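Using the working numbering, read the sequence shown as starting at 10 and increasing by one per residue.
Below you'll find the structure, written out as structure tokens, and then a few comments.
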Amino acid sequence: MDSRLNAFLERAESVLARIEPLLPAPRPVIDWNTCLAARWQRDGRSGYLLPLEVSLDMRLSDLIGVDRQLEQLGRNTQQFLDGMPANHALLWGSRGTGKSSLVRALLAEHAAAGLRLIEIERDHLADLPRVVEQVAKLPQRFVLFCDDLSFESGEGDYRVLKSVLDGSLEQAPDNVLLYATSNRRHLVPEKESDNENWKRVDGELHPSEAVEDKIALSDRFGLWLSFYPFTQEHFLNVVEHWIGQLAAKAGLSWQRDEALDILAVRWATGRGNRNGRCAYQFARYWVGLKLLEHKA
10 MDSRLNAFLE RAESVLARIE PLLPAPRPVI DWNTCLAARW QRDGRSGYLL
60 PLEVSLDMRL SDLIGVDRQL EQLGRNTQQF LDGMPANHAL LWGSRGTGKS
110 SLVRALLAEH AAAGLRLIEI ERDHLADLPR VVEQVAKLPQ RFVLFCDDLS
160 FESGEGDYRV LKSVLDGSLE QAPDNVLLYA TSNRRHLVPE KESDNENWKR
210 VDGELHPSEA VEDKIALSDR FGLWLSFYPF TQEHFLNVVE HWIGQLAAKA
260 GLSWQRDEAL DILAVRWATG RGNRNGRCAY QFARYWVGLK LLEHKA
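If you want it as structure tokens, here you go:
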């Protein structure tokens, strides 16, 4: 009897060893008292929240030249934290101008007050009702964050998304808000041909249905914030800020001068970008170079 039992157990262990890699991984239990951010992970037809380790190094004071955007989104977020009416927000404009950084800086600013961040990809927005359901009764305040929300020409997903956003956002509990970033104001490409079928009715112009259909998606957001390309002065001010931050950490003495400005402008010109991301990258390059020179 013992030999038959042992043989059965060995066979069962062998079967389990082959099956175990096919089973879904255990889903982590999130303690929102200590976890500040999570990401929605699609798993077959369902999904779950994956806790994230986030850095709170980005501060609101690091965002140079976007005072108006910071003030408006900051006020909206404070209303949300205080339990007052607040709007879902769309941050649109040029790449590298601080859209995502502003959202993450607000998390760092208000994490102690109960603000939490949940990242959700564009392709997973149909799961919004499931995400909302998991956090609806929690005491924390959750910003659902969709970075780079946009659609290419010919994609029909945005029509499905409109109905999902209507149902999810209008019925969302008061501890959930959606912030999204995009390079496009209306989230979808707009073509000259969209305006070819305008009609005149009783002396008034009415846009074609194609235009109305595309604009309707971004209308789901009550707060629009625009981010524009940096001027050269703005770019150099951001360079100065980040060099100051990095140099202070490294104990490096430095001074802004014309030669530094020329080098920074050449760096931006060579990359075809003049934005905050480019300024930060140049600052890292320049500070690293100076530290190497001092070491030699």
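All residues carry an ideal CB built from backbone N, CA and C; glycine is no exception.
Predicted, not measured: the structure shown is a model, and the values here were computed from it.
Option nearest residue i by Cα separation, candidates the options
| i | options | result |
| --- | --- | --- |
| Arg84 | Val144, Asn96, Ile73 | Asn96 |
| Ser262 | Glu302, Asn246, Arg280, Leu232 | Glu302 |
| Thr86 | Ala145, Asp76, Tyr188, Gln143 | Tyr188 |
| Met67 | Arg36, Val296, Tyr289, Ala256 | Tyr289 |
| Leu59 | Val140, His250, Gln254, Val296 | Val140 |
| Gly297 | Lys258, Gly281, Thr278, Val274 | Lys258 |
| Leu111 | Ser64, Ile252, Leu69 | Leu69 |
| Val144 | Arg293, Ala47, Ala256 | Ala47 |
| Gln81 | Ser235, Gln254, Asp71, Val248 | Ser235 |
| Glu130 | Cys155, Asp11, Pro138, Ser23 | Cys155 |
| Phe239 | Trp251, Ala21, Gly74 | Gly74 |
| Lys304 | Ala277, Gly260, Gly231, Trp276 | Gly260 |
| Leu120 | Pro138, Arg77, Asp183, Trp41 | Looking at the sequence itself, residue 120 is Ala, so the reference to Leu does not match. Closest option to Ala120, Cα to Cα, is Trp41. |
Alpha-carbon to alpha-carbon, residue j and residue i
| i | j | result |
| --- | --- | --- |
| Leu186 | Leu153 | 6 Å |
| Gly102 | Gly56 | 31 Å |
| Arg229 | Arg265 | 45 Å |
| Thr43 | Ala117 | 13 Å |
| Arg280 | Val274 | 10 Å |
| Gln180 | His243 | 41 Å |
| Glu142 | Asp136 | 10 Å |
| Leu45 | Arg36 | 17 Å |
| Val63 | Val247 | 23 Å |
| Leu7 | Gly231 | Residue 7 is absent from the structure shown; the chain starts at 10 and stops at 305. |
| Leu65 | Arg113 | 8 Å |
| Val24 | Asp11 | 20 Å |
| Trp233 | Pro138 | 23 Å |
| Trp295 | Asp183 | 46 Å |
| Leu14 | Ala26 | 18 Å |
| Ala256 | Leu245 | 16 Å |
| Ala316 | Phe17 | Only positions 10 to 305 of the chain appear in the structure, and residue 316 is not among them; the question remains open. |
| Leu134 | Val38 | 22 Å |
| Glu249 | Tyr237 | 20 Å |
| Glu128 | Arg20 | 43 Å |
| Gln241 | Asp132 | 36 Å |
| Ile28 | Gln254 | 52 Å |
Distance between beta carbons of residue j and residue i, contact taken as under 8 Å
| i | j | result |
| --- | --- | --- |
| Leu100 | Lys108 | 4 Å |
| Leu158 | Thr106 | Their Cβ separation, rounded to whole angstroms, is 16 Å, which puts Leu158 and Thr106 out of contact at 8 Å. |
| Ala292 | Trp251 | 4 Å |
| Arg104 | Asn192 | 6 Å |
| Leu79 | Leu72 | 6 Å |
At least 3 beta-carbon pairs within less than 8 Å: the region 40 to 54 vs the region 90 to 99:
Flag = no, the region 40 to 54 and the region 90 to 99 do not touch.
So does the region 262 to 270 actually touch the region 283 to 293, counting three or more Cβ pairs closer than 8 Å?
Output reads no: the region 283 to 293 does not touch the region 262 to 270.
Report yes or no: do three or more beta-carbon pairs, one from the region 123 to 131 and one from the region 143 to 151, lie closer than 8 Å?
Verdict: yes, contact present.
At which residue ranges does the region 214 to 291 contain complete beta strand (DSSP E) runs of 3 or more residues, listed in the order of the chain?
Segments of the beta strand (DSSP E) lying fully in the region 214 to 291: 232 to 236.
At what residue ranges does the region 89 to 176 contain a whole run of the alpha helix (DSSP H), taking only runs of 4 or more?
Taking only runs of at least 4 residues, the alpha helix (DSSP H) segments lying wholly in the region 89 to 176 are 108 to 119, 137 to 144.
Quick check on the DSSP output: what are the complete beta strand (DSSP E) runs of length 3 or more inside the region 32 to 71, in order along the chain?
List check, beta strand (DSSP E) in window: 46 to 52, 55 to 61.
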